[in-house]
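So the structure is just underneath, and the comments pick up after that.
Residue numbers (my numbering): 1386 to 1740.
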């Protein structure tokens, strides 16, 4: 009986030992290891997410600025195409400078309108963290190749000399073909053997009259015997032109503005290109290799003074644009994403007179 009891107790002890689980220490070690591995994976995921977010943000900002520079380059490339280069295009005194918001000249004579119009340090940019920073602007003029296309080529329309049928209105009549190819608010270059001028169409009368009245949306027209349109003698022609300005608004938006040439008639149409622009600077490479902030300004470097030389603007051979922008999103250090790009473009049409 005694031997049987001992044997039974031995078997019970072996069964209890075989059913033992993890000890508390083993559970704690497993938990710590699990937390370490999980934390490492989460950390890697956060890093990857941040890197991806930064890459996406920088890519988007870079792409936007690059697109704006491409548009700037296209218009710089077109500047002067089909447009007189020797500053024979005249405008009533200070009409263009007032329209563009650049300094007026000091005389009271007619102004010349070159194919590139510089504006140095024009707009105070409150978006820039540095106080009193002003951005540049630039304007390009060139032929509108969609006007009066004949055999695939945009062709000027021959016109008779302008007349003044009533006070405040000048009108011109095409030699043939009537006014069917013209529209109200078209911006025209009117060229004759005594020079050229710009005019904005205010009305079409009958089938062949094109009218230019005072008080147009761009305030370019000045009618009557003392106006520039009446001073142009035949043979003469008209050609639709495009006038485009790039500038930065006070709140930091790089904008492309095109004047006239739209219906319903408005003075201009703005196309926002880049938001949150800190700075926009333009420099001009001249035909003699020098670099200038504003070729018009003359030796003293100040626009609106006696030594201004508008003819210098026809001697621009390259234009360099610098756009500095930042994103509303911030990097891990709390700073906004920033990009600064500089591109230089040729003004090939200014090297020869396309007319």
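We put the CB at the ideal spot given by N, CA and C, even for glycine.
For residue i, count neighbouring Cβ atoms within 10 angstroms of its own Cβ and tell me buried if that reaches 16, exposed if not.
i, result
"residue 1612", "buried"
"residue 1637", "buried"
"residue 1448", "exposed"
"residue 1559", "buried"
"residue 1525", "buried"
"residue 1467", "buried"
"residue 1390", "Confidence at residue 1390 is low in this model, with a pLDDT of 49, below 50, so the placement of that residue should be treated as unreliable; the coordinate-derived value is given next. Its Cβ having fewer than 16 others within 10 Å, residue 1390 is exposed."
"residue 1730", "buried"
"residue 1419", "exposed"
"residue 1575", "buried"
"residue 1630", "buried"
"residue 1577", "buried"
"residue 1541", "buried"
Based on the DSSP output, what are the partners of residue i in its beta bridges?
i, result
"residue 1705", "1668, 1729"
"residue 1735", "According to DSSP, which records beta bridges pairwise, residue 1735 is partnered with nothing at all."
"residue 1622", "1543, 1576"
"residue 1628", "1526"
"residue 1633", "1639"
"residue 1535", "1538"
"residue 1656", "1641"
Among the options, which has the Cα closest to the Cα of residue i?
i, options, result
"residue 1692", "1526, 1411, 1508, 1490", "1490"
"residue 1570", "1551, 1601, 1549", "1601"
"residue 1465", "1474, 1500, 1483", "1500"
"residue 1527", "1631, 1626, 1555", "1626"
"residue 1687", "1507, 1639, 1658, 1548", "1507"
"residue 1543", "1549, 1573, 1668", "1573"
"residue 1639", "1516, 1652, 1618, 1664", "1664"
"residue 1463", "1702, 1710, 1668, 1561", "1702"
"residue 1551", "1598, 1510, 1423", "1598"
"residue 1504", "1492, 1577, 1511, 1487", "1487"
"residue 1580", "1643, 1461, 1409, 1546", "1546"
"residue 1633", "1668, 1608, 1409, 1509", "1509"
"residue 1706", "1651, 1726, 1690, 1513", "1726"
"residue 1587", "1562, 1555, 1609", "1555"
Is it the case that the CB of residue i approaches a heavy atom of the ligand SAH more closely than 7 Å?
i, result
"residue 1582", "The ligand SAH is not among the ligands present in this structure, which contains no ligands whatsoever."
Is the shortest distance between the beta-carbon of residue i and the beta-carbons of chain C less than 8 Å?
i, result
"residue 1591", "Absence of chain C from the displayed structure is noted, only one protein chain being present."
Please list the segments of the beta strand (DSSP E) lying wholly inside the stretch 1440-1514, counting only runs of 3 or more residues, in order along the chain. 1474-1476, 1501-1509
Can we say the stretch 1642-1655 touches the stretch 1672-1682, given the rule of at least three CB pairs closer than 8 Å? no
Taking 8 Å as the cut-off, does the stretch 1663-1677 touch the stretch 1475-1485 (at least 3 CB pairs, one atom from each stretch)? no
The stretch 1581-1600 touching the stretch 1405-1419, judged by at least three CB pairs closer than 8 Å: no
When the Cβ atoms of the stretch 1448-1457 are set against those of the stretch 1653-1672, are three or more pairs found closer than 8 Å? yes
Runs of beta strand (DSSP E) wholly within the stretch 1550-1603 (minimum 3 residues, chain order): 1554-1557, 1572-1577, 1580-1585, 1588-1590, 1594-1598
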